[in-house]
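If you're matching positions, the sequence shown starts at 0 in numbering that gives the first Met the number 0 and goes up one per residue.
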Amino acid sequence: MKKRFILVCLAAMLIVLGMVVAIYPELPARVPVHWNAGGEIDGWDERHTLLIHSAFLLGLAALWLVLPRISPQRFAVDGFESTWWFSGMLMVCLIAYLQCVHLWAAYRPGFPMDRAVLGGLGLLFVLLGNVMGKVRRNFWLGIRTPWTLANERVWYATHRLAARSMVAGGLLPLLAAFGVLPGAVAVVAMVVSALVPVAFSLIYYKRLERAGTLEA
């Protein structure tokens, strides 16, 4: 799975770099770099800033390779190694997708950037949600609150809930990407789906604490 992760990262970087090279000469001197919640451009910068896209992907890939090596022994990723690399591939693919969308929006003004971003984020939530229950205690991936890191039962229960909430929270942005729902509703759904497991981890930890059944 690690080799597959490296291959996916290389492919993503080449795709982004290839797109930059293909359209760079036709871009205006200043290109949009930020959009507000309504999909309107509210930030501009020089077009040469687009050249750092592939470098950013390289940094993310390198970080994902390094983190397992510096994890404390009790919080190593060995217990869910395939899920770790799969999640890394999802993150790299999402960033590559967003960068390609950004490039296309700079090349073709009027492109619905807000809907494209919501679609990518929604798909990420759904796919991550499908594997979230397999993530074991670690410092890098998952719902890493003081209460989940302190107790294995809390971690397990929280991530079972997070798996369901992330899938549910990701479906609405996918609908919004096709214009079925307002974008604001989709954003709220994603925020709520991320916050619910955090709140649950505290509540469940305190419940176990009161019952005297906490175990490290």
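Ideal Cβ positions, reconstructed from N, Cα and C, are used throughout, including at glycine.
Among the options, which residue has its Cα nearest to the Cα of residue i?
i: P201; options: L170, A156, L120; result: Before going further, note that residue 201 is Leu rather than Pro in the sequence given. Selected option, being the one with the closest Cα: A156.
i: P67; options: Q98, E208, L140, V187; result: L140
i: W146; options: D113, V197, G178; result: V197
i: R46; options: A60, L93, L102; result: L102
When DSSP labels each residue in this structure, what does residue i get in the three-state scheme?
i: R107; result: coil
i: R209; result: helix
i: R136; result: coil
i: E214; result: coil
i: P24; result: helix
i: V30; result: strand
i: I142; result: coil
Is the separation between the beta-carbon of residue i and that of residue j shorter than 7 Å?
i: V7; j: Q98; result: no
i: L89; j: L126; result: yes
i: A176; j: R107; result: no
i: I40; j: P31; result: yes
i: W83; j: V76; result: yes
i: N150; j: L194; result: no
i: M18; j: S81; result: no
i: A11; j: L56; result: yes
i: F199; j: N137; result: no
i: H158; j: M131; result: yes
Express the C-alpha separation of residue j and residue i in angstroms, rounding to a whole number.
i: V186; j: P111; result: 16 Å
i: L148; j: L62; result: 21 Å
i: G87; j: V116; result: 19 Å
i: G78; j: R135; result: 7 Å
i: W43; j: W34; result: 10 Å
i: A95; j: R206; result: 42 Å
i: Y204; j: G109; result: 48 Å
i: A60; j: G182; result: 30 Å
i: V100; j: E208; result: 47 Å
i: K2; j: V65; result: 14 Å
i: F85; j: G211; result: 37 Å
i: K133; j: L173; result: 24 Å
i: A54; j: L93; result: 15 Å
i: L13; j: I69; result: 28 Å
i: P71; j: R152; result: 19 Å
i: R29; j: W154; result: 47 Å
i: V191; j: G58; result: 30 Å
i: N129; j: L9; result: 25 Å
i: G118; j: I5; result: 25 Å
i: V184; j: G178; result: 12 Å
Counting Cβ pairs closer than 8 Å, one from the segment 110–123 and one from the segment 147–162, do we hit at least three? The answer is no - the segment 147–162 does not touch the segment 110–123, with fewer than three Cβ pairs under 8 Å.
With a cut-off of 8 Å, do at least 3 Cβ pairs link the segment 169–185 to the segment 141–156? In short, these stretches do not touch, since the Cβ pair count stays below three.
Using a Cβ distance threshold of 8 Å, determine whether the segment 21–31 contacts the segment 43–53, with at least three qualifying pairs required. Between the segment 21–31 and the segment 43–53, the count of Cβ pairs shorter than 8 Å is three or higher; the stretches touch.
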